[in-house]
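Student: Take the numbering used here: the final residue in the sequence shown is number 320, and no numbers are missing along the way.
Every residue gets a Cβ at the ideal spot worked out from N, C-alpha and C, and that includes glycine.
Below you'll find the structure I mean.
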Amino acid sequence: YGPSREDGGVVFRARFDNAQQVQVAGDFNNWSPVSSPLMSTTAGGFMTKLPLQPGRYRYRFVVDGRWVNDPHNAYVEANQFGELNNVVEVA
């Protein structure tokens, strides 16, 4: 789980047991909580692949309407709301 670089982009994988809907919001989609849904892959498992260009991106997951951090990515930084954003760097 967590973000990983693969051909053509970055794959975001997450596990949220009992979640119905998971999206990823970040610098790459203007922090839209509905633009980048993850598809259910297994019971509690979700994933999506985004065609991100090289750079540094901040993101968070939106799980059933609630903003949460990626529990599988310890690379974080504080945001202006006093919470943490996850960070992924694409080479």
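Between which two residues does the beta strand (DSSP E) containing residue 279 stretch?
Tutor: Looking up residue 279 in the sequence shown gives position 50. Looking at the DSSP string, the run of the beta strand (DSSP E) that includes residue 279 is 274 to 279.
Student: Report the option in 300, 234, 290, 269 whose CA atom is closest to the CA atom of residue 263.
Tutor: Here residue 263 is taken as the residue at index 34 of the sequence shown, counted from 1. Nearest option by C-alpha distance: 290.
Student: Can you name, in chain order, every residue of its own chain whose Cβ lies under 8 angstroms from the Cβ of residue 277, other than the five neighbours on each side?
Tutor: Locating residue 277 in the sequence shown gives position 48, where the first residue counts as 1. Same-chain partners within the cutoff: 240, 241, 253, 265, 266, 267, 268.
Student: Tell me which residues share the same chain as residue 288 and place their Cβ nearer than 6 angstroms to its Cβ, disregarding the 5 neighbours each side in the sequence.
Tutor: To locate residue 288, count along the sequence shown from 1; it is residue 59. 253, 255, 315.
Student: Reducing DSSP to helix, strand and coil, say where residue 245 ends up.
Tutor: What you label residue 245 is simply residue 16 of the sequence shown in a count that begins at 1. Correct three-state label for residue 245: coil.
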